[in-house]
Amino acid sequence: MTTVRIPPVLRQATEGAKRIELPGATVGEVLASLVASHPAIAPQLLDGAGELNRFVNVFLNETDIRHLKALETPTGEQDTLILLPAMAGGAGDYRRRRRRRAADADQMPRSDASMAPADRPTAGSPPARRSGSC
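Here this note's numbering is used: position 41 in the sequence shown is 40, and no number is missing along the way.
Dropping the structure here:
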C-alpha cells in the first residue's frame, strides 16, 4: 500500500487523518482509492470532469508527478504521495495596508521639513558630500 500524506487544509475531508495507507498500482489508482474511501475530498482534488484539479500538486516521494508519468506513474509499497493544494489570498489585506500606509505618509511631514533651517538644502547648492567618498 502507498502512504498518502494529507495536508491540514484537507484533513476535514479525511476525518482528521494525517496519513492514509491506500492500495493502487499507479498514482491515479491511489487517488481513486482515496476518493472512494473519503468522498468529501473529491471536490478538493478533482475538477468537474473528474480529472486532477490543476491547482493540486501531487508529489511521489518528493518528485512532482508532472515530471514523471502523471497519474500513470507506478506506485510501490514504500512510496509516499504528498498532496499539496495551491493556496491563494492575502493580497487584498496587503493592498489595503499599503494604501493605509501611503495615506499615513501623506499626513507626515517631509523629511526636509523636519530639518533645522540651516541644514536644509537650498536651490542651486551643491549636493552634500559623504565622508569617505572621492
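Just so you know, even glycine gets a beta-carbon here, dropped at the ideal spot from N, CA and C.
In terms of Cα proximity to residue 32, the closest of 65, 3, 81 is 3. In the structure shown, the three-state DSSP call for residue 5 is coil. Here residue 71 carries a helix assignment [DSSP, helix/strand/coil]. For residue 42, the enclosing alpha helix (DSSP H) covers residues 41 to 44. Contact between residue 80 and residue 25 is ruled out by a C-beta separation of about 11 Å, above the 8 Å threshold. A straight-line Cα-Cα distance of about 31 Å links residue 73 and residue 87.
Taking each of 77, 76, 57, 50 in turn and checking the Cα distance to residue 5, the smallest one comes out for 57.
Secondary structure of residue 20 (DSSP, three-state): strand. Measuring C-alpha to C-alpha distances from residue 62 to each of 11, 29, 83, 51 identifies 83 as the nearest. Annotation for residue 33: the continuous alpha helix (DSSP H) segment containing it runs 26 to 36. When the five nearest sequence neighbours on each side are left out, the beta carbons in the same chain lying within less than 6 Å of the beta carbon of residue 27 are those of 70, in order along the chain. Looking at the backbone, the Cα of residue 65 and that of residue 37 are separated by about 24 Å.
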